[in-house]
Amino acid sequence: MIGANVLLRVLGACALAAVLLIMAHFLIWSSRKVMGRMQDRRGPTNAGPFALLQSFADTMKLMTKAWSVPEGADRGVFIAAPIMMIFLALTVWAVVPLGSRGLQVVDLEVGAFYVVAVSSLAPVSMMMAGGASRSPGNEVGAYRAVSRVISYKIPQMLGMLVPVLLSGSMALQKIILAQRVPYVLSVPLAALVFLLASAAEIGRVPFALPEAGSEIVPGYVTPYSGMLFSGFYLAQFINHFTLSVVFSILFLGGWQGPWAMEIPLLGVVWLFAKAFLVFNLIVLGWAGLPRLRLDQALAFNWKGLVPLGMVILLAVAFVDKGMAGMGITSAWTRRAGLLAANGVIGMAVVALLVRVEHARRHSRGRYAIRGQ
Amino acid sequence: MVALVVFLVFSVLTLLAAIRVVTAQCIFHSALWLIGAFFGIAVLYMLLASPFMVGIQLFITIGGVAVLTGIAMMVTKGMVQWDQQRVHHAWSAAIMALLLFLVLVWMTLELPLSDTPLPVREGELALLGAALVAPDGYLLPFQIVSVILLVVLLGALYLGKDR
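First to last, the sequence lines map onto chains A and B.
Heads up: the first sequence runs through residues 0 to 371, numbered per numbering that gives the first Met the number 0.
Heads up: the second sequence runs through residues 0 to 162, numbered per numbering that gives the first Met the number 0.
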């Protein structure tokens with residue numbers, strides 16, 4: 000009896016992993032088409048109707064392409080790095096609730112923290128990739144990627160803590176159930192902080208520094224080709240979708256939607272629809288925004304997102320508990336209060352940015368804009 | 000039953016990783032095996048029904064300590080001999096480790112532990128959070144630790160400042 004239960008769980012986990020790996024192909028296809036349309040072109044049109052088979056053609060190419068380990072490189076670690084990246088990308092899904100009942104591998108009490116903790120293991124695989132190839136350029140690329148990931152982990156956690164605070168639990172299912180109205184409507188700034196930090200974590204433009212697709216030397220991914228490269232590529236897309244799903248759970252109400260409580264499988268549909276929207280929002284940033292330099296990205300983190308995240312967390316805590324202390328029990332009043340607090344902070348941030356830009360334009364110092 | 004099998008498998012894997020930490024030829028490999036050992040310990044924490052400790056282990060021990068160790072190793076070029084690593088004083092280190100192990104075993108046997116496992120309480124995380132900020136709980140050590148972290152941060156900033 001116990002053996003059957005274990006077997007069922009193992010099969011479920013394998014099925015989830017398989018679905019994700021196949022879904023990554025459709026996500027790659029969709030992002031290429033959507034990005035093309037955003038850039039006023041069609042994207043791939045050749046392989047199959049609407050180029051639906053393009054990703055599979057790419058996969059076949061990558062599977063048959065020759066890959067090699069650089070001379071003098073550490074062979075075991077070199078091959079283990081992309082495997083670990085995919086492993087980490089898939090492990091996060093252990094706590095994702097896909098529906099109202101039974102569609103979650105395990106409902107950890109610290110689900111949100113587990114997501115952040117597992118995704119913080121990515122620097123290990125980046126270090127393995129950079130260190131194994133024994134090439135200084137790749138090592139530097141690994142440091143840059145690691146510094147980006149560990150820096151943006153802080154605002155990601157700060158943004159994640161706001162729904163945890165509002166719902167009173169770190170368990171993802173409880174966060175979803177606590178959202179009568181999605182949290183993005185009450186605390187949009189916290190959602191923005193989490194979204195930007197997550198986009199930087201997964202390495203999407205404007206934060207795609209070392210894995211820059213259009214640069215000649217893509218950092219620690221440089222010596223990888225064929226199936227090993229596809230490990231990093233797939234892991235990046237799966238991470239992208241995973242963080243879209245986590246954002247939907249934390250801020251958009253997760254699997255909730257019409258009839259989702261009665262039919263758990265319908266919850267999957269709603270969750271993936273919302274996640275797809277967020278996915279394309281990040282693709283919009285990818286298509287439209289130029290890439291930041293590493294120092295610009297880190298400055299944005301330490302001078303922008305981290306203080307903003309801390310202020311939002313403090314403000315939400317004070318406003319929420321303050322309203323509870325004043326005896327305001329109407330949920331709509333509390334949401335309005337939180338939204339007002341977010342609005343005030345948002346306006347203050349915009350005013351501050353305008354003043355900083357003003358001072359920069361008129362200064363003679365390091366940050367002056369030449370010719371203006 | 001399943002828990003016992005998982006415990007045995009992951010204990011063996013953790014021990015193997017720990018042995019490889021000290022026997023690996025290259026120090027970078029030692030660091031990676033250490034990460035593997037920490038991961039095994041995280042699984043053992045999960046078996047103890049303590050998911051918070053799992054998150055802490057992954058986030059701080061692996062994602063913080065081990066990553067920084069690896070970076071420090073890679074950055075300081077002179078330290079890393081990629082090819083060979085002679086371990087000095089291997090025998091005295093082994094004897095010390097054995098003595099420490101015997102002391103730990105003796106201490107564990109002296110503890111008044113029962114055979115039945117403790118019941119898992121619901122809401123442990125809330126209890127931990129309440130204990131950390133309760134004035135008659137662990138509030139003072141919590142604040143002292145945050146002051147220490149501030150000191151570390153200031154020191155790091157000072158050391159890293161351009162001169």
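The beta carbon of each residue, even a glycine, is placed where N, CA and C say it ideally should be.
This structure is a prediction, so every number in the text was calculated from the model and none was measured.
Asked, Found
"Other residues of its chain near A:Pro154: CB distance less than 7 Å, five sequence neighbours each side excluded", "Val192, Ala196, Asn300, Leu304, Val305, Gly308"
"A:Lys302 to A:Met346 span [Cα, whole Å]", "17 Å"
"Chain B contacts from the stretch 115 to 142 of chain A (Cβ-Cβ distance under 8 Å)", "Val115, Ala116, Val117, Ser119, Leu120, Pro122, Val123, Met126, Met127, Gly129, Gly130, Arg133, Glu138, Ala141, Tyr142"
"Euclidean distance between Cα positions of A:Ser132 and A:Ala65", "17 Å"
"Any chain B beta carbon closer than 8 Å to A:Glu356", "no"
"Residue-level contact to chain A via CB, B:Pro116, 8 Å cutoff", "no"
"Unbroken alpha helix (DSSP H) run spanning A:Gly287, endpoints", "263 to 287"
"Assigned secondary structure, A:Ile327 (DSSP; H/G/I helix, E/B strand, else coil)", "coil"
"Cβ-Cβ separation, A:Met127 to B:Leu31 (assumed contact under 8 Å), whole Å", "7 Å"
"Assumed close pair A:Gly130, A:Val68 - CB separation to whole angstroms, cut-off 8 Å", "Not a contact, Cβ separation roughly 14 Å."
"Neighbouring residues, chain B, relative to A:Phe112 (Cβ below 8 Å)", "Phe51, Gly54, Phe58"
"Minimum Cβ-Cβ distance from A:Met169 to chain B less than 8 Å", "yes"
"Proximity of A:Val109 and A:Met169 at Cβ, strictly below 8 Å", "yes"
"Which listed residue (A:Ile262, A:Arg290, A:Gly266) has its alpha carbon closest to that of A:Leu251", "A:Gly266"
"Cβ neighbours of A:Ala93 in the same chain (closer than 7 Å, five flanking residues each side left out)", "Val104, Val105"
"A:Ala177, DSSP secondary structure in three states", "coil"
"Backbone CA spacing between A:Ala339 and A:Trp254 [nearest angstrom]", "27 Å"
"Within-8 Å CB hit, A:Leu107 to chain B", "yes"
"Sequence-distant residues of its chain with Cβ nearer than 6 Å to B:Met78 (five each side left out)", "With a pLDDT of 47 at B:Met78, under the threshold of 50, the modelled position of that residue is not reliable, and no figure is offered here."
"Contacts of A:Val315 in chain B (Cβ-Cβ under 7 Å)", "Going along chain B, no residue has its Cβ under 7 Å from A:Val315, so there is no contact; the nearest lies around 17 Å."
"Helix, strand or coil at B:Cys25 according to DSSP, with G and I counted as helix", "coil"
"Alpha-carbon to alpha-carbon, A:Met226 and A:Pro217", "17 Å"
"Spatial neighbours of A:Leu312 in its chain, beta-carbon cut-off 8 Å, leaving aside the 5 residues before and after", "Leu157, Leu160, Val161, Leu164, Ala189"
"Rounded separation between A:Ala259 and A:Phe236 - CA only", "27 Å"
"Run of the alpha helix (DSSP H) containing A:His239, from where it starts to where it stops", "225 to 250"
"Contact list for A:Val76 against chain B, beta-carbon separation under 8 Å", "Phe27, His28, Leu31"
"Cβ neighbours of A:Gln53 in the same chain (closer than 6 Å, five flanking residues each side left out)", "Trp28, Pro43, Ala46"
"Contact with chain A by B:Met36, beta-carbon distance below 8 Å", "Residue 36 of chain B is actually Ala in this sequence, not Met. Taking Cβ atoms only, chain A never reaches closer than 8 Å to B:Ala36, which makes this a no."
"Assigned exposure category for A:Trp285 - 16 Cβ within 10 Å defines buried", "buried"
"C-beta contact flag for A:Phe228 and A:Leu61 at 8 Å", "yes"
"Cβ-based neighbour list, A:His239, same chain, cut-off 6 Å, excluding 5 preceding and 5 following", "Ile201"
"Cβ contact (3+ pairs, closer than 8 Å) linking the stretch 36 to 46 of chain B and the stretch 6 to 13 of chain B", "yes"
"Distance, A:Gly326 Cα to A:Ala298 Cα", "41 Å"
"Segment contact flag, the stretch 274 to 290 of chain A with the stretch 18 to 38 of chain A, C-beta cutoff 8 Å, min 3 pairs", "yes"
"Test: A:Val375 CB closer than 8 Å to a CB of chain B", "Since the first and last residues shown for chain A are 0 and 371, residue 375 of chain A lies out of range."
"Chain A contacts from the stretch 105 to 135 of chain B (Cβ-Cβ distance under 9 Å)", "Glu121, Gly122, Glu123, Leu124, Ala125"
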